[in-house]
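Here the structure is laid out as structure tokens; the discussion comes afterwards.
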Amino acid sequence: MLTQEASGDPVALSLLMVHGQNHLITAITFKDMANEIIADYSDLGCQTFRIDDASWL
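Each residue of the sequence shown is one higher than the one before, starting from 6 at the first, in the working numbering.
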């Protein structure tokens with residue numbers, strides 16, 4: 006589909022394509038946020054932490 010659009014051929018936009026893009030953007034955002042949290046913990050000198058441990062809040 007990307008090749009088709011890049012060559013100038015029209016590509017139909019469907020609800021499925023919009024839904025797929027939404028999932029992709031959500032996954033990328035989640036990954037970026039996770040990397041930021043990991044970097045913040047590294048800056049604080051934390052070696053390990055547990056997700057269910059609320060002491061870091």
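Using N, Cα and C, we set each Cβ at its ideal position, and we do this for glycine too.
Here the structure is a predicted model, which means the values were calculated and not measured.
According to the Cβ coordinates, are residue i and residue j closer than 8 Å?
{"i": "residue 26", "j": "residue 16", "result": "no"}
Which residue marks the beginning of the alpha helix (DSSP H) containing residue i, and which one marks its end?
{"i": "residue 29", "result": "20–49"}
{"i": "residue 11", "result": "7–11"}
Taking just the CA atoms, how far does residue j sit from residue i?
{"i": "residue 50", "j": "residue 12", "result": "50 Å"}
{"i": "residue 7", "j": "residue 39", "result": "29 Å"}
{"i": "residue 47", "j": "residue 23", "result": "36 Å"}
{"i": "residue 21", "j": "residue 44", "result": "35 Å"}
{"i": "residue 30", "j": "residue 37", "result": "11 Å"}
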